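Engineer: Residue numbers (the numbering used here), protein chains in the order written: chain B, 3 to 82; chain G, -12 to 206. All residues carry an ideal CB built from backbone N, CA and C; glycine is no exception. Computed from a predicted model, the values in this text were never measured in an experiment. Here it is, the structure, as structure tokens.
This is the structure we're talking about:
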């Protein structure tokens, strides 16, 4: 496997959905190719950075309005 | 996961008419939905509208939520549909935008023109250490903002919200092949920008490497 081939299958490898037979080739290449190892590792870090970060907080005033609106709607729709 | 477990309990209680369970669900998920909306739309007022529409819609359709996906995923899909409406309205208002999100596909969903990684280096710090530093937020969110909308939305749904390729395709009205290509481009572009910012220059490896020359350092 060449670096370019590895690059084309990067999604499947990172997501753990690569065909087991191809996965062996992939890992053999990785074991001997430090740049590819680092790229795979960088991509995993990149995903973690966005998945685990919750960068925006609701403005307090908006949050108060949101909860009031929802409570009113709830009472309207649940009035029997 | 504990959080998912109590989501399921709260969903059941809310379905049975318990307002406090519904409010607990809103409080738990509002920050995540707001972050998703901000990242999709990059505009505070529009993001607030999406959050409000999402939870109103969740309230209205809760009885129909079949719990085949997690509550968080269900909310992400509702929020995305609301955000797409805003994006389409923007596109139709913007005279320069001549293609819609769906039409704006890759010429061929092939992998032949994938950008090659240039800046290859281990990061100086772990992602969680980086997230602890508030002053880096602009760098991290700024990198995401530089992605084309079509790449950013796929990355957000697939990698951040954890939707499957099929669900991402369905939600955005794209083919699965197109989702995969866009996702790879998004991941590679973000990797490049973040590694340029957070990579350790002393451990930078040769870009455009071949297998043999791979391990040689630049300096």
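Return helix, strand or coil for residue 143(G), following the three-state DSSP convention.
Structural biologist: By 1-based counting over the second chain, the position of residue 143(G) is 156. Three-state DSSP puts residue 143(G) in a helix.
Engineer: Identify which residue in 69(G), 171(G), 190(G) and 44(G) has its Cα closest to the Cα of residue 48(B).
Structural biologist: Taking the first chain and counting its residues from 1, the one referred to as residue 48(B) is at position 46. That would be 171(G), whose Cα lies nearest to the Cα of residue 48(B).
Engineer: Taking residue 102(G) as the reference, which of 173(G), -1(G) and 12(G) has the closest Cα?
Structural biologist: Sequence index remark: in the second chain, residue 102(G) carries index 115 (1-based). When only C-alpha atoms are compared, the closest one is 173(G).
Engineer: Run through the DSSP bridge pairs and tell me what residue 107(G) is partnered with.
Structural biologist: Locating residue 107(G) in the second chain gives position 120, counting from the first residue. The partner list for residue 107(G) (beta bridge, DSSP) reads 192(G).
Engineer: Taking its Cβ as the centre, do 16 or more other Cβ atoms sit within 10 Å of residue 37(B), making it buried, or is it exposed?
Structural biologist: Here residue 37(B) is taken as the residue at index 35 of the first chain, counted from 1. By the neighbour-count rule (16 or more Cβ atoms within 10 Å), residue 37(B) is buried.
Engineer: Just to confirm my understanding: we take residue 32(B), look at its own chain, exclude 5 residues before and 5 after, and list those with CB closer than 8 angstroms. What are they?
Structural biologist: Counted from its first residue, the first chain places residue 32(B) at position 30. Once the five neighbours on either side are set aside, the close Cβ partners of residue 32(B) are 8, 38, 39 and 42.
Engineer: List the residues of chain G that residue 15(B) touches, going by C-beta distances under 8 angstroms, in chain order.
Structural biologist: Residue 15(B) sits at position 13 when you count from the first residue of the first chain. Under the 8 angstroms cutoff, chain G gives no residues; its nearest Cβ is about 11 angstroms from residue 15(B).
Engineer: One question on the structure: do residue 51(B) and residue 114(G) come within less than 7 angstroms of each other, judged by their Cβ atoms?
Structural biologist: Within the first chain, the letter at position 49 stands for residue 51(B). Within the second chain, the letter at position 127 stands for residue 114(G). For residue 51(B) and residue 114(G), yes; Cβs fall inside 7 angstroms.
Engineer: First and last residue of the alpha helix (DSSP H) that includes residue 13(G)?
Structural biologist: Taking the second chain and counting its residues from 1, the one referred to as residue 13(G) is at position 26. Residues 6 to 28.
Engineer: Compute the Euclidean distance between the alpha carbons of residue 16(G) and residue 55(B), then round it to the nearest angstrom.
Structural biologist: Residue numbering aside, residue 16(G) sits at position 29 when the second chain is read from its first letter. Residue numbering aside, residue 55(B) sits at position 53 when the first chain is read from its first letter. Near 14 angstroms, if we compare the C-alpha coordinates of residue 55(B) and residue 16(G).
Engineer: List the residues of chain B whose Cβ lies closer than 7 angstroms to the Cβ of residue 182(G), in chain order.
Structural biologist: To locate residue 182(G), count along the second chain from 1; it is residue 195. Under the 7 angstroms cutoff, chain B gives 44.
Engineer: Using DSSP with H/G/I as helix, E/B as strand and the rest coil, what is residue 51(G)?
Structural biologist: Translated into the one-based positions of the second chain, residue 51(G) becomes position 64. Here residue 51(G) sits in helix by DSSP.
Engineer: Tell me whether residue 129(G) sits in a helix, a strand or coil according to DSSP, three-state version.
Structural biologist: Position 142 of the second chain holds residue 129(G). If DSSP states are grouped into helix, strand and coil, residue 129(G) belongs with the helices.
Engineer: 7 angstroms is my cut-off, CB to CB: does residue 9(B) come that close to chain G?
Structural biologist: Taking the first residue of the first chain as position 1, residue 9(B) is located at position 7. By this cut-off, residue 9(B) is an interface position.
Engineer: When burial is assigned at 16 or more other CB atoms within 10 Å of the CB, is residue -4(G) buried or exposed?
Structural biologist: The residue you call residue -4(G) lines up with position 9 of the second chain. Answer is exposed; the Cβ neighbour count stays below 16.
Engineer: Shortest alpha-carbon distance to residue 68(G) belongs to which of 55(G), 54(G), 34(G) and 53(G)?
Structural biologist: For the purposes of this step, residue 68(G) is identified with residue 81 of the second chain, where counting begins at 1. The shortest Cα separation from residue 68(G) among 55(G), 54(G), 34(G) and 53(G) belongs to 34(G).
Engineer: Are the beta-carbon atoms of residue 46(G) and residue 67(B) separated by less than 7 angstroms?
Structural biologist: For the purposes of this step, residue 46(G) is identified with residue 59 of the second chain, where counting begins at 1. For the purposes of this step, residue 67(B) is identified with residue 65 of the first chain, where counting begins at 1. Contact flag unset, no.
Engineer: What is the rounded straight-line gap between the Cα of residue 199(G) and the Cα of residue 30(B)?
Structural biologist: Stepping through the second chain from its first residue, residue 199(G) is reached at position 212. Stepping through the first chain from its first residue, residue 30(B) is reached at position 28. Because residue 199(G) carries a pLDDT of 43, less than 50, the predicted location of this residue cannot be relied on, and the following value inherits that uncertainty. Going from the Cα of residue 199(G) to the Cα of residue 30(B) covers about 14 angstroms.
Engineer: Please classify residue 22(B): is it buried, with 16 or more other beta-carbons within 10 angstroms of its beta-carbon, or exposed?
Structural biologist: If you number the first chain from 1, residue 22(B) lands on position 20. The residue is exposed, with fewer than 16 neighbouring Cβ atoms inside 10 Å.
Engineer: Against chain G, does residue 55(B) count as a neighbour if the rule is that its beta carbon must be under 7 angstroms from one of theirs?
Structural biologist: By 1-based counting over the first chain, the position of residue 55(B) is 53. So, interface residue.
Engineer: Let me confirm a value: residue 48(G) is counted as buried when at least 16 other C-beta atoms fall within 10 Å, else exposed. Which label applies?
Structural biologist: Stepping through the second chain from its first residue, residue 48(G) is reached at position 61. Exposed, because fewer than 16 other Cβ atoms sit within 10 Å of the Cβ of residue 48(G).
Engineer: Once you ignore the five residues that flank residue 4(G) on each side, which residues in its own chain have a CB closer than 7 angstroms to its CB?
Structural biologist: To locate residue 4(G), count along the second chain from 1; it is residue 17. Here the set comprises nothing.
Engineer: Kindly indicate if chain G contains any beta-carbon less than 7 angstroms away from that of residue 49(B).
Structural biologist: Here residue 49(B) refers to the residue found at position 47 of the first chain. Chain G contact via Cβ: present.
Engineer: Do the segment 144 to 153 of chain G and the segment 69 to 76 of chain G touch if we need at least three Cβ pairs shorter than 8 angstroms?
Structural biologist: Short answer: they don't touch.
Engineer: Using only alpha-carbon positions, find the residue among 161(G), 125(G) and 142(G) that is nearest to residue 184(G).
Structural biologist: Within the second chain, the letter at position 197 stands for residue 184(G). That would be 125(G), whose Cα lies nearest to the Cα of residue 184(G).
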